[in-house]
Amino acid sequence: MKKLIYLLIVIIIFGACDSLVEEEVYSTITPNNFFQSERDVTTALVGVYDGIQDLNIWWRLFYTSECIGGLMRHNWSPWAESMVYEDDQGDIWNLWYRHYDAISRANAVLGALEGSTLDDAIKSRYEAEVKFIRAYAYFNLVRMFGQIPLVTKSPESLNDVLAPDSTNVEAFESEFLKQRERDDIYDFIVEDLKFAELNLPSNVTESDAGRVSSGAASGMLARVYLAMAGKQYDYNSGQLVDGDASLYGDVAQQCEKVIAAGNYDLLQDYPSIYEVANNEEILFSIQYLESAVAGVTGEGNQIVARTGVRGATDYTPYSWLQCSVNETFWEDFIANNTKNDNRYMRTFLEYYVSANGDTVWNGSSNTFKRPHVRKFLTDVGPETSAQNATDYGADWIVLRYADVLLMHSEALNEAGSTPDANTIKGINEVLDRAGQPAIELPISKDELRERIWQERKWELCFEGLHYFDCQRTGRLLEEFTLNVNPARKADATLRNYIYPIPFNAREANPSLKQNAGW
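Numbering follows UniProt numbering, in which position 68 of the sequence shown is assigned residue number 68; successive positions increment by one, without gaps.
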């Protein structure tokens, strides 16, 4: 995908040269004349990927997930860790409309593909790819907001999205405005991902690195089924209700597809997960560029700058220090795993070298009161062109093999009665890589559930998953109470299991019903 980004830039700069050689004039660009070649589709595909690459999506997903769940502190915006927010919170509005922007891009490309004369096999591959991205966007939206509009195509005119005069807007049936039940959204997500699973290649070539594969679709389906099987916030009653526990079997089945295919594995060197792009542990990541190009186009990843430390010479010297590690979580990690855990040094940054050569330790200054996130930091070197800037080439990992193994163990444990060797196999592989003792049998279902919960925190912390894990397991208030910052007003209730429908969205579309509790 990084090569595709470069390709798009080249097309924009040099595209006019083609017309000097062979001129073909269209009076209007339409779905029927745009996708005349695979190159046309590739160009449009970059725009679809770019929709989920948006800072307003991944960054807000990241810090709301990790701060609301208590793994991190937000040093700028206390709302995410205090639960004190309402429907006019700008970050929540950004999450809403940026995801719908990504969906709109996907719908536009799918509509154009329908009218294309390209070979059916080529069309199916691209359709599957775009549907995966659309499903990913809807999956985020339905977990955050519950009942949402389900938009499956691009509007043909304003009449599709505007209620006619004198119409009861609350009863207006436009698919572009009407909220759909959570189950309807999930059914649509599953349909898109199943199509992707069937029509995507099992492997992608080096030149296509970053594009989704059938394994990514299988793994994402496992994550979707896991969310559907867990706790759900009833947006009508304001209560937490059980999901469909029968789906744990589907979670296990999807994980087993990924495992049996043999295309992914755990990297035995834990730091390499974050240092080697598109490695064999990654099922899907959002691609970013580091270079002068990044500074021009905004294709760089700002996670480094936003979680890094100011003034370090051995790591990214320029950072904003928006988020840092929650002390309670850090202390809990050490108490349970010790600092000898193979993940520790790559997860937490305890010290750095300042500009004057001094080693600065955690707790020794106002700007380094607690450990920082080490996972994403880039070592300073001659190739680090983004020094004194904010754009780095670190990809954002959405789904990796360790998560698949942990989901597999969790699903088998929840679906069964007594854990057996197959149930603990996945989590033990993750523990072995971390240098931690294996879980031994016999172990009760409840004990194993707790071990898996803890291991997900240790292994997957700061990767944007924790809030959703708290949500589906019904642990949000417990985790919030455990990690609350006593210096800030805190007010967590059941309503925090779901976000409010944003004020701006309801102002634009009065037919939208607010979630219970908000």
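We treat Cβ as the ideally placed atom computed from N, Cα and C, and that holds for glycine. Just so we're clear, the structure is a prediction, and the values are computed from it rather than from any experiment.
Going by beta carbons, Ala-106 and Val-48 fall inside the 8 angstroms limit. Beta bridge pairing from DSSP links Thr-359 with Val-353. Counting along the chain, the unbroken alpha helix (DSSP H) around Phe-468 starts and ends at 466-473. With contact defined as three or more Cβ pairs closer than 8 angstroms, the stretch 438-454 and the stretch 341-352 are not in contact. The Cβ-Cβ distance between Asp-192 and Lys-153 does not fall below 8 angstroms. By the neighbour-count definition (other C-beta atoms within 10 Å, threshold 16), Gln-239 is an exposed residue. The residue from Val-41, Asn-140, Lys-257 with its alpha-carbon nearest to that of Asp-469 is Asn-140. The Cβ atoms of Asn-301 and Gly-210 lie no closer than 8 angstroms to each other. Distance between Ile-427 and Gln-436, taken at the CA atoms: about 11 angstroms. Beta-bridge partners of Ile-282 (DSSP): Arg-400. Three or more Cβ pairs closer than 8 angstroms define a contact, and the stretch 229-248 falls short of that threshold against the stretch 267-281.
In the DSSP assignment, Phe-348 forms a beta bridge with Val-373. Under the rule that a run must span 4 or more residues, the alpha helix (DSSP H) segments found entirely inside the stretch 205-278 read 214-229, 248-261, 272-275.
Less than 8 angstroms divides the Cβ of Leu-448 from the Cβ of Ile-424. Per DSSP, the continuous beta strand (DSSP E) segment holding Cys-323 begins and ends at 323-325. Across the structure, Tyr-136 and Ala-505 are spaced so that their CA atoms are roughly 21 angstroms apart. Looking only at Asn-337, Leu-200, Gln-179, Asp-446, the smallest Cα-Cα distance to Ser-511 is reached by Gln-179.
For Arg-73, the enclosing beta strand (DSSP E) covers residues 72-74.
In the three-state DSSP reduction, Arg-180 falls in the strand class (E or B). With respect to Met-72, Val-325 sits close: the two C-beta atoms are nearer than 8 angstroms. If you draw a straight line from the Cα of Leu-321 to the Cα of Tyr-126, it comes to about 39 angstroms. Our two residues, Arg-134 and Arg-143, have alpha carbons roughly 14 angstroms apart in a direct line.
Remark: fewer than three beta-carbon pairs, one from each stretch, lie closer than 8 angstroms, so the stretch 112-119 and the stretch 54-69 are not flagged as touching. Here the stretch 368-377 makes no contact with the stretch 182-202; the two share fewer than three CB pairs at distances below 8 angstroms.
Taking C-beta atoms as the reference points, Asp-395 and Ser-285 count as a pair closer than 8 angstroms. In the three-state reduction of the DSSP assignment, Ile-427 falls in the helix class.
Cβ neighbours of Tyr-401 within its own chain (closer than 7 angstroms, five residues either side excluded): Tyr-264, Asp-265, Leu-266, Glu-281, Leu-283. Shortest Cα-Cα distance from Arg-182 to any of Tyr-497, Tyr-233, His-74, Leu-226 involves Tyr-233. When secondary structure is reduced to three states using DSSP, Ile-303 falls in the helix class. Counting C-beta atoms within 10 angstroms of its own C-beta, Asp-120 has fewer than 16 neighbours from the protein chains shown and is therefore classed as exposed. Looking at the backbone, the Cα of Glu-507 and that of Tyr-467 are separated by about 27 angstroms.
Judged by DSSP secondary structure, Ala-516 falls outside any alpha helix (DSSP H); it is assigned neither H nor E. Out of Thr-328, Ser-218, Gly-517, Gln-287, the CA that lies nearest to the CA of Thr-481 is found in Thr-328. Each of Phe-503, Trp-96, Lys-457, Arg-433 was checked against the Cα of Asn-340, and the nearest Cα belongs to Arg-433.
Close CB contacts of Leu-431 within its chain, under the 8 angstroms cut and outside five residues either way in sequence, are with Pro-437, Ala-438, Ile-439, Glu-455 (chain order).
Taken through DSSP and simplified to helix, strand or coil, Ile-148 comes out as strand.
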